[in-house]
Amino acid sequence: MTDHFAGAKTYPVPPTTEERTILGKRAVRLEDPPLVTGRGRYAGDINFPRQLHMRMVRSSLAHGVIKSIDVAEALKLPGVVAIWTNDDINELGPVDFRADRGAEILKPYRQPVLAKGRVRYVGDPIAAVFAEDPYVAEDAAELVEVEIDELPVVVDSWATPGEFEPGRSTEGALLKHSFGDIEAAFKKAHVIVELDLFTGRHSGVPMETRGALGYYDSAKDILELHGAAKVPHRNRETLVKMLGRAPKGLHVHESHVGGGFGIRGELYPEDVLVLVAAMRLGRPIKWIEDRREHLMCANQGREQRHKVRIAADKDGKLLGIDDEIFHDQGAYVRTHGANVANRTMCMMTGGYDIPAYRAVCHYRLTNKTPCATYRAPGRYESTFVRERLMDALADKMGIDRIELRRRNLIGKSQMPYLIEFEEQGVEELLYDSGDYELLLDKGLKAFRWDERKVEIAARRAKGEAVGLGIAIFVEESGRGPSDGAKMSVDATGDMELITGGASLGQGFETSMAQIAAEALGVDYQRITVVHGQTDRIAQGIGAHAARATVLTGGAVNETALKLRAKALEFGSELLQLPVGDLDIVNGVIVKKGAPAGGPSLSLADLAKKLTPGAKLLNGRDPHLAVEAWFNTDHTVFPYGIHFAQVRVDKQTGQTVCESFLIAYDIGRAVNPMLVEGQLVGGAVQGLGGALFEEFAYSETGEPLAVTMVDYLLPTLGEVPKIDVLITEDAPSPMNPLGIKGAGEGGINGVGGAIASAIDDAIGKPGAVVQLPVTPQRMKALLA
Amino acid sequence: MSDTVAITLNINGEDHRVSVEARRTLADTIREDCGKTGTHIGCEHGVCGSCTVIIDGEPMRSCLMFAVQADGRKIRTVEGLAKGDELHPLQRAFIDNHGLQCGFCTPGFLMLATAVLEKEPDIADGDLLDALSSNLCRCTGYQNIIKAVRQAAIEMRGPRK
Amino acid sequence: MKPAAFVYHAPRTLEAALALLAEVAPQDGRILAGGQSLVPAMAFRLARPTHLVDINGVAGLDRLVLDGGVLSVGALVRHAAFHKADAKFGALGALLADVVHNIAHYPIRTRGTMCGSLAHADPASEWCLTAVTLGAEMVAHSAKGARRIAAADYFQGIMQTALEPDELLAEVRLPLLPEGAKHGFYEFNRRAGDFAIGMALVTYQVKGGKIAEARVGIGGIEGAPRRIAEAEAALNGQAPGKAAFEAAGQATAAVVDPIEDAQTPAAYRRDLAATVVTRALERAAI
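Chains as they are written, first to last, in our numbering: chain V, 1 to 783; chain U, 1001 to 1161; chain Y, 2001 to 2286.
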């Protein structure tokens, strides 16, 4: 270990899957039985007696001053209980940043719960209707008359900034990340390549739209938000502040969640409204977003323009990357502040050893749907940019694409590898472990890169346009600081594991149960995993930035080990054997190596004995129950390589992805089946953003994709067989299990790899500068 | 609220007598009036397929029918797939093959695949894929759904003569 | 996305349906058949009929029969009825089976109807293209009586037809294809089941090694589907093959007046017209 790790707690290399019982195995999911039988409980499935339905009145214009709002006609409709505008809730502040993202300078750009004087995108909530029935609520919303004086719109982030409000520019911030002497790097460069690149606007679009239910328990004075997701505990903190309630008087409950992908579960205006209305109207409030609303109101992402250049010496060794970024934030700054722009800048150099770097980001507001994090935020974008540069540089220097990358990869001997930025307050990156070149070799072999080149040459000779592409990337996951868990065994031997994590469909319950079962020595199927309930555990990090497995997993491991120690301590006393001679196998404390029928004590029986007042306790706490924490200061850095083969139909411009391989080092996999599921699912989303999905807007800021006929999610007809190569060559030394996150490794490099393959297919290096590559754009490229 | 019509929906063999507005979709009625919330609503314009149910043997989008149109017809939803505790082969195959993540699209896929395989047990693989391309999933990338349905198809076909 | 309120009618006979339609049509009353286009439009409240006359219970409209040299398709015949080529319908059955798999998706095809598609007249509708290319006849009924409309006169623009508001398209009559006729269909869209950005349907016969009686229809390219006489002229009398097929494609591109939208400029569709025609011809030749 070099001294980069000085002061950090590091762990020895963990056991391999073969040496484990259940951790690392392809265990079937605990989540599935209710979900395949229709017993799931998503937000829309929750109902409270006497609930009212909320419906938003939204702006049909992208920018304007509200002259008047007339609710009189709408209020006359039978079944309508109330209609609110900003005047009715003007004591409420805007939706706040999450605690740790509060860039002071961006605060004026936060979104009010209901539009305050101005509307800034099509879909901006202007009024809220509360009615007995969702059909009636929609009827009433139509009758609300809103008069708006139109203002000029800003649609492109690179256009001259406009006015957010009188005296305030739509350029919210000018951000910068840099290291090394960038001017000197370009001065001594042998080759410089410049590109103007654009990543299109797309988003998570989960199959379940957003939903929120507000319920006020007046007997206990507790306000409840149901239908939450992703970061229930963090959202509770924000809500407590916004609503001026004591933390004990507000709880957030996660139910089943129909997909998250970063966008679901952030705090939105509607979440705040259902709570305020539940208290004020004295009835539960239910809000279920419809798909059209979802496509114009839920967080979008990715839209950036990069004017970027790269410098290299005569051998193709990289000297520097210099990037000017125009980041389209949309109409307001939402809960993440400038997070996506910052992640873009800090992850730009990826897995390459680059001595100098400078990124300047124009963080700009436009009159389009607000943006925030979507799966691999800032990384899908930066990988596209970096890998486009590598392809262009390789072409210009006449060096093979793979060879150029190989020459610049950070070596295994350079790990841990530290990237420190010059700007104050910008967090350093400490790549914890990795053997990038080894993964490159394994990936090339698994994808049959060389053989494919031969096959493709033959097909090209027959007139087909087929090509190969590659993108190499570094991911980040498991950002700290800490998470806790509680675990208990009941008198039947069943276990409850309470976490502050969140489940968005990724198999969180199964993963956590596997980790706990391995540490404790029990059947994972007897563990009930609780998540997303703020009234069950005081803190929780939720599920974002691929944190859940690493951080909550670390907490669960500590907790289960602590429970094991407690069980063995009492087991030792009861079985009259030293702790060191004991093991727990399938929920029973046994003597190591003893034949069946030897001394034993089940955890169920032990739990029965540890009741309050039992003599055995001898001053120690009752119950077979513990709580423990996992702390870490460091992010872990998984890494991967995407390989793509595409065919381009030169007549129609259609690109078809024929095959795809994800090579990914996970450190240690908790459940390879779930890891593969995450990677493949992510890759298909990435394919969507590379070829199909785009939130386009007209010149007047009108959204053009507000139906699922216009926003093109891939069906199985567009998806090739996706292969996965999971390696465990670089377990993280930053946590005892060696694990790294999997949530974003499937999507990160897809845009880059597909662009690379298309260039190769049409024989025009550097041709693809914009995602998604639609048939219409492809025809323009070929013209 | 405008006038309501009294109708009877037969869901999984059980009659539900409900009174609905003519404009109420079958999907809303199955969920809200009959309490079968396993049928999900993902888009309300017939694209995503989460609301797919089986009506008189045919898979259909329940968001594109009004409840009044289903009066007296036999509807099957995901709640009726298992026989007591015994899961349907498709349900088991989805679990075994990790054919679901968030589970929101799953009932729609299960009902679509059930109807298609019951109608055409020996369906050609290409036609099966064509049918499955009807519904959207955002989590799995489809690969494991295809695996699951292929596995269940073999089991549902039973031993060869 | 809940539809606006309407009054629902469920007549049992054609006469009753037509009487109701005559009554409610002046108040924006409409026919509800499969509903696979109308109901989504109602969900977005882009369509808000005050009355719906649901014909799903009308006896006799599900007829699918051969009537001399014509296939008669009743207003309640679902798309799925054509999934398997019916040998009785000869080459037409095979053509319809080829086309139908491009119409939306399986669960839409079990409910949507051919006549409904023809009445809706989306420029990208496969059945509209089929009707025009084959020279179908539409049979429109109203309380005043019935009339037949030739496909060439029926389609008048984007979602515009010769149907009067009080008329119900009760039947479409598709002529059988001559013995030995070849057909080819090619559709281009971005995803499985999407509306066509452009498509072509062709039929022809080969007599003495030369193409005869060529029919070339395009859909999705212009506001309504139509036959392209110039392409047909470029084919008739030529030997089937690359040269003739490409010439027909080029002839098509030269004369079309493409529609435009935010994603797709007219030039793209013009170019695509040539491609889909050539590829439909290539498929026919296989």
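Using N, Cα and C, we set each Cβ at its ideal position, and we do this for glycine too.
Residue i (DSSP reduced to helix, strand or coil)
i       : result
V:H177  : strand
U:H1016 : strand
V:N631  : strand
V:W287  : strand
V:M1    : Note that V:M1 scores 41 on pLDDT, short of 50, meaning its location in the model is unreliable; the coordinates nonetheless yield the value given after this. V:M1: coil per DSSP, three-state reduction.
V:K76   : helix
V:T238  : helix
Y:M2138 : strand
U:F1094 : helix
Y:S2117 : helix
Y:R2063 : coil
Y:M2199 : strand
U:S1062 : helix
V:K615  : helix
V:K187  : helix
U:H1040 : coil
Y:Y2106 : helix
V:S602  : strand
V:R375  : coil
V:N86   : helix
Neighbouring residues, chain V, relative to residue i (Cβ below 8 Å)
i       : result
U:R1023 : Y135
Y:F2044 : R292, T707
Cβ shell of residue i (< 8 Å), same chain only, five flanking positions each side left out
i       : result
U:M1001 : Since pLDDT at U:M1001 reaches only 48, below the 50 mark, its modelled position is unreliable, and the value read off the structure follows with that caveat. Hits under 8 Å: E1021.
Y:P2003 : V2039, M2042, A2043, R2045, R2048
U:K1161 : Any reading at U:K1161 needs caution, since the residue's pLDDT is 49, under 50, leaving its predicted position unreliable; the model's value is listed next. Cβ neighbours of U:K1161 beyond the five flanking positions: none.
Y:L2177 : G2090, A2091, L2092, L2095, L2134, H2183, T2203
V:R50   : R283, P284
V:P152  : H63, G162
Y:T2290 : The displayed coordinates of chain Y run from 2001 to 2286. Any statement about residue 2290 of chain Y would go beyond what the structure contains.
V:D400  : A394
U:A1006 : R1017, V1018, S1019
V:M1    : Any reading at V:M1 needs caution, since the residue's pLDDT is 41, under 50, leaving its predicted position unreliable; the model's value is listed next. Result list for V:M1: T10, P416, P733, in chain order.
Same chain, Cβ closer than 7 Å to residue i, five either side skipped, listed in chain order
i       : result
Y:A2072 : Note on identity: in this sequence residue 2072 of chain Y is Ser, with Ala being the wrong assignment. Answer for Y:S2072: R2063, V2065, E2171, R2173, listed in chain order.
Y:A2267 : none
V:V706  : R292, L295, M296
Contact set between residue i and chain V, taken where Cβ atoms lie within less than 7 Å
i       : result
U:N1144 : G677
Interface residues of chain Y facing residue i [CB-CB closer than 7 Å]
i       : result
V:Q651  : T2275
U:Q1069 : D2054, N2056
U:M1060 : P2107, T2110, R2111
Neighbouring residues, chain Y, relative to residue i (Cβ below 8 Å)
i       : result
U:G1049 : H2105, P2107
U:V1116 : Y2106
Per-residue contacts from residue i into chain U (C-beta, under 7 Å)
i      : result
V:R150 : According to the sequence as given, residue 150 of chain V is Glu; it is not Arg. Neighbours of V:E150 on chain U: none; closest Cβ ~29 Å, over 7 Å.
Contact set between residue i and chain U, taken where Cβ atoms lie within less than 8 Å
i      : result
V:D353 : Within 8 Å Cβ-Cβ: nothing; V:D353 doesn't reach chain U, min ~33 Å.
V:K721 : Q1143
Supposed contact pair residue j and residue i - C-beta distance, whole angstroms, cut 8 Å
i      : j       : result
V:I46  : V:L213  : 6 Å
V:T652 : Y:L2272 : 6 Å
V:L679 : V:G741  : So it is not a contact: roughly 11 Å between Cβ atoms.
Contacts that residue i makes with chain U (C-beta to C-beta distance below 9 Å)
i      : result
V:A376 : Going along chain U, no residue has its Cβ under 9 Å from V:A376, so there is no contact; the nearest lies around 15 Å.
V:H544 : Here the premise fails: no neighbours, minimum Cβ distance about 16 Å.
Interface partners of residue i on chain V, CB under 9 Å
i       : result
U:K1036 : G38
Residues of its chain near residue i, where Cβ-Cβ distance is below 6 Å and the 5 sequence neighbours each way are ignored
i       : result
Y:G2074 : L2061, D2062, R2063, E2171
As an exercise, report each continuous alpha helix (DSSP H) stretch of at least 4 residues that is fully enclosed by the segment 90-147 of chain V, in chain order. 134-143
Runs of 3 residues minimum, wholly inside the segment 2131-2192 of chain Y: which ones carry the beta strand (DSSP E) assignment? 2137-2142, 2145-2150, 2155-2157, 2168-2175, 2182-2188
Hey, which unbroken runs of the beta strand (DSSP E) at 3 residues or more fall wholly within the segment 515-600 of chain V? 527-530, 582-585, 588-591
Which runs of the alpha helix (DSSP H) spanning at least 4 residues fall entirely within the segment 336-393 of chain V, listed in chain order? DSSP runs (the alpha helix (DSSP H)) wholly in the segment 336-393 of chain V: 339-346.
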